[in-house]
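Following: one structure in structure tokens, then a few remarks.
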Ligand SMILES: [Zn+2]
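Protein chains in written order, with the numbering used here: chain A, 894 to 1241; chain B, 56 to 290.
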């Protein structure tokens, strides 16, 4: 049989990746076969612990990670039905994220890679979110346009090739997910705000309140959500001062509409400019129903296919890190054992 | 039995390999670089020099604190992963006990580790019949509170640890002639002490393994303390 060699890697042999993700409040370990097949993807969420603080507390998150990490590693191996000996590469989130939280994952990953004498690959968390789409859509290949939206990040990207990106837009202030959290808090809703607002929006009227859509300069792909957030806060204050009723569902729906319209408009515009027939959504906010629906509606009108990962692959998870690890590895990117955490790591 | 020991609870990273009673190698670095970058390369260097692999190690020993929260987690995550890969035992050793272990002194041994804002991590130890006994459990307290306790003691006292360089003059003023300070070379935790203590403790560490070993922080996170206060104020 002729062997298919690409980027110097024997592609006839399966590559098994152990991937670790601890950038925020999820301790997650996955075993991946090549770039797209999940053998296991264990996620231990700390959300119930952080909810009582109204947000993720870095020191608390780090403490939970060190308590859980080895148990989660073992669960991932068990579910994949493999042992440490079967691992070909170890991948880990290098950043961006909380430094103390990242350090737990990176310390474990380095030790495992060194003990097994296998390559270590530090990957970018945002790249992981993008790669979640490769797991969901087995035939998806670059190029495509990608909107990354999460609690900490908002990026509009042209995915030129595997591991090659061109950054077109980013937020100039709050990330989209951050705006959801802040508005939810102002409405007295629990943390995290995204899912709650998304749910309430279904019962509200998105046209009830005319919140601003911030498009910035005419040709800009950047985003800004702090003005919108302030407009919502001002609206709530005014109503409360006048003793007028606040219909939470309408506020949620109108706010969400203002966010997603801008996200969708700019994504479609970039897809058309780059001539891509696909837009992938990635990151925690990719689970937002409102965003998915509007994107699909506009995609249909413009003949652009809209892709998004299943819910579990939208949250922080190690399978997506495993996918990113694989694609970086076959392109020759291997890290040294002195790999450092990069809490503010940029995608490009 | 080969032991690999590590301590990253302060700015000093230290690792050592011991085989039964014999030291095979020790490597300590006082470099204000991240332990995360240094630790595994450092361990690799020691093991490579000794022609050893991680799989040759029978027991993993690690300082569990008190000390820098982040530093402790780096050391513990690293050592738990080693122990996990080869399913070997792991022993956690108190940083304070390891510091006290550096000294042979007939009296009270009081290591102090800086915990910032005039606080120290400390405990009281004493040699009895060749064994190091713990007289006061490791705790975090104001340096003043510790000195109050020590003032009531009749025995001579020897102090060491990185807290000494910060509080030396003040301690001397308060405790006078009954306090001695260790030589500078004994002010830092050494991985060899961790290794030897681990060998002594390994048979009494039932239930401790690479799943459940965690740092002994001795302090709740600030957020936890504030939440507790809020809850008790509300009652
Ligand atoms: Zn994320």
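We treat Cβ as the ideally placed atom computed from N, Cα and C, and that holds for glycine.
Boundaries of the alpha helix (DSSP H) around residue 135 of chain B: 124 to 140. Looking at the DSSP output, residue 188 of chain B shares a beta bridge with B/181.
For residue 1134 of chain A, the number of other beta carbons within 10 angstroms of its own is below 16, and it is reported as exposed. DSSP links residue 174 of chain B through a beta bridge to B/197. Of all residues in the stretch 255 to 268 of chain B, the ones placed with a Cβ closer than 7 Å to any Cβ belonging to chain A are 265, 266, in chain order. In this structure residue 1123 of chain A is exposed. Its beta-carbon is surrounded by fewer than 16 other beta-carbon atoms within 10 angstroms.
Per the C-alpha coordinates, the member of A/1129, A/1147, A/1148 positioned closest to residue 1139 of chain A is A/1129. Using a C-beta cut-off of 8 Å, the stretch 225 to 236 of chain B makes no contact with the stretch 139 to 159 of chain B, since fewer than three inter-stretch Cβ pairs fall below that distance. Listed in chain order, the non-local C-beta contacts of residue 1185 of chain A below 8 Å within the same chain comprise 1174, 1179, 1199, 1201, local neighbours out to five positions each way being set aside.
Between residue 211 of chain B and chain A, the shortest Cβ-Cβ separation is not below 7 Å. Placement of the Cβ of residue 938 of chain A at a distance of 6 Å or more from every heavy atom of ligand 1 is found. Take residue 1211 of chain A, set aside five residues on each side of it, and the residues of its chain with a beta-carbon closer than 7 Å to its own are 912, 913, 914, 921, 922, 923, 934, in chain order.
Pairwise C-beta distances place the stretch 231 to 244 of chain B out of contact with the stretch 1223 to 1239 of chain A, as fewer than three of them are shorter than 8 Å. Within chain B, no C-beta atom comes nearer than 7 Å to that of residue 914 of chain A; the closest sits roughly 14 Å away.
DSSP places residue 1037 of chain A inside the beta strand (DSSP E), whose first and last residues are 1037 to 1042. Here residue 84 of chain B carries a strand assignment [DSSP, helix/strand/coil]. C-alpha of residue 98 of chain B to C-alpha of residue 1213 of chain A: approximately 30 Å in a straight line. If you check the CB distance, residue 153 of chain B and residue 248 of chain B come in under 7 Å. For residue 137 of chain B, a Cβ of chain A is located within less than 7 Å of the residue's own Cβ. Burial check for residue 277 of chain B: the Cβ neighbour count within 10 Å stays below 16, so the residue is exposed.
Going by C-alpha positions, residue 254 of chain B is about 35 Å away from residue 230 of chain B. The stretch 924 to 999 of chain A is shown to contain whole alpha helix (DSSP H) runs of 4 or more residues at 940 to 944, 951 to 973, in chain order. Distance from the CA of residue 127 of chain B to the CA of residue 266 of chain B, rounded to the nearest whole angstrom, comes to 16 Å. Of all residues in the stretch 990 to 1004 of chain A, only 993, 996, 997, 999, 1000, 1001, 1003, 1004 place a beta-carbon less than 7 Å from a beta-carbon of chain B.
A straight-line Cα-Cα distance of about 57 Å links residue 158 of chain B and residue 903 of chain A. Here DSSP, grouped into helix, strand and coil, assigns residue 59 of chain B to strand. Taking a C-beta cut-off of 7 Å against chain B, the contacting residues of the stretch 1213 to 1233 of chain A are 1230, 1231, 1233, listed in chain order. The residue among A/1158, A/1032, A/1087 with its C-alpha nearest the C-alpha of residue 1114 of chain A is A/1158. Remark: C-beta atoms of residue 1041 of chain A and residue 1019 of chain A approach each other more closely than 7 Å. Sorting B/135, B/183, B/120 by C-alpha distance to the C-alpha of residue 112 of chain B places B/135 at the top. Going by DSSP, residue 910 of chain A is part of the beta strand (DSSP E) stretching over 909 to 914. Within a 10 Å sphere around the beta-carbon of residue 86 of chain B sit fewer than 16 other beta-carbons, which makes this residue exposed.
Taking residue 1004 of chain A as reference, the option from A/991, A/1027, A/977, A/939 with the minimal CA-CA separation is A/977. For residue 1015 of chain A, the uninterrupted beta strand (DSSP E) run begins and ends at 1013 to 1017, by DSSP. Of all residues in the stretch 75 to 104 of chain B, only 89, 91, 92, 93, 94, 95, 96, 98, 99 place a beta-carbon less than 8 Å from a beta-carbon of chain A.
A residue is called buried when at least 16 other Cβ atoms come within 10 angstroms of its Cβ; residue 940 of chain A does not meet this threshold and is exposed.
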